[in-house]
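A.B. asks:
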Amino acid sequence: MVSTHSNFSTGGYHAQKSYHIENSELLFKMLRFDNKLLRSMFEANGFSHTESHEWNVLWSSSSCKSYLYEGLNEF
297 MVSTHSNFST GGYHAQKSYH IENSELLFKM LRFDNKLLRS MFEANGFSHT ESHEWNVLWS
357 SSSCKSYLYE GLNEF
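Residue numbering for the sequence shown follows the numbering used here, beginning at 297 and increasing consecutively.
(1) Under the three-state reduction of DSSP, which class applies to Ser356: helix, strand or coil?
(2) Would the beta-carbon of Asn352 fall within 7 Å of that of Leu327?
(3) With respect to the alpha helix (DSSP H) encompassing Leu333, which residues constitute its N-terminal and C-terminal limits?
(4) Do the CB positions of Phe338 and Ser357 come within less than 7 Å of each other?
(5) Which one of Glu347, Leu354 and Tyr365 has the shortest CA to CA distance from Leu389?
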């Protein structure tokens, strides 16, 4: 099981949000970018595309909002 945790603030209250990928599925997400070569490379290596907040690889064509970096796992 892979766990991803993120902290978010709501009006001064800090809560911890937890995402769990139960079956260790390899997931990738692309932000503001879609490339057939990258998509086929990920899929050929066992990754599946997702639009959810549960992902192993995030590919973006520009810098991301800081909240996407909060709570990233070390590995």
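Cβ coordinates follow ideal geometry from the N, Cα and C atoms, glycine included.
C.D. replies: According to the data block:
(1) Residue state, collapsed to three classes: strand.
(2) no
(3) Taken as a continuous stretch (DSSP letters only), the alpha helix (DSSP H) holding Leu333 covers Lys332 to Ala340.
(4) no
(5) Any property of residue 389 remains undetermined from this structure, which presents the chain solely from 297 to 371.
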